[in-house]
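Peer 1:
In our numbering, the protein residues as written are 561 to 678.
(1) Under 8 Å by Cβ, that's how I've got residue 610 and residue 630 pegged, so tell me the actual separation to the nearest angstrom.
(2) Quick one: using the 10 Å Cβ neighbour count with 16 as the cut-off for buried, is residue 574 buried or exposed?
(3) Buried or exposed for residue 672, going by 16 or more other Cβ atoms inside 10 Å?
(4) Would you report the Cα separation of residue 627 and residue 597, rounded to the nearest angstrom?
(5) Would you decide whether residue 616 is buried or exposed? Buried here means 16 or more other CB atoms lie within 10 Å of its CB.
(6) From residue 670 to residue 580, what does the alpha carbon distance come to, in whole angstroms?
(7) Assuming residue 583 and residue 562 form a contact by the criterion Cβ under 8 Å, report the distance between their Cβ atoms to the nearest whole angstrom.
(8) Pick helix, strand or coil for residue 622, following the three-state DSSP scheme.
In structure tokens, the structure reads:
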């Protein structure tokens, strides 16, 4: 059974940086896509970024381009989200998720809180 565990959230001042990690276990992921989503208070969950497990192809929502970077370490089955120049509007619970190429996201982590103070 595939499991995802996020870590690295916390409280940071505007302009600061955080790195989130998502460790995957329980499967083989060579034909999968790993994504990060977030849910801000009172808002719907939104897509943030994704990466093909083979490392070819990354995707970002417009609001985080040039500030966030997704990467993965296949030796550790871990995906990272480097977040720079954080803004108060980035405050949310961040979730990682996984899907097979061409499929739907069907496994989610428990989420990690990111709070950006102004």
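Positions of the beta carbon are idealized from the N, C-alpha and C atoms, including for glycine.
Note that the structure is predicted; figures quoted are calculated from it, not measured.
Peer 2: In terms of the structure at hand:
(1) Between residue 630 and residue 610 the Cβ distance is about 7 Å, and since that is below 8 Å, they are a contact.
(2) By the Cβ-count criterion, residue 574 is exposed, with fewer than 16 other Cβ atoms from all chains shown falling within 10 Å of its own Cβ.
(3) Around the beta carbon of residue 672, 16 or more other beta carbons lie within 10 angstroms, which makes this residue buried.
(4) Computed Cα separation, rounded: 15 Å.
(5) Classification for residue 616: exposed.
(6) In a straight line, the C-alpha of residue 670 is about 13 Å away from that of residue 580.
(7) About 11 Å separates the two Cβ atoms, so there is no contact after all.
(8) Reduced to three states, the DSSP call for residue 622 is helix.
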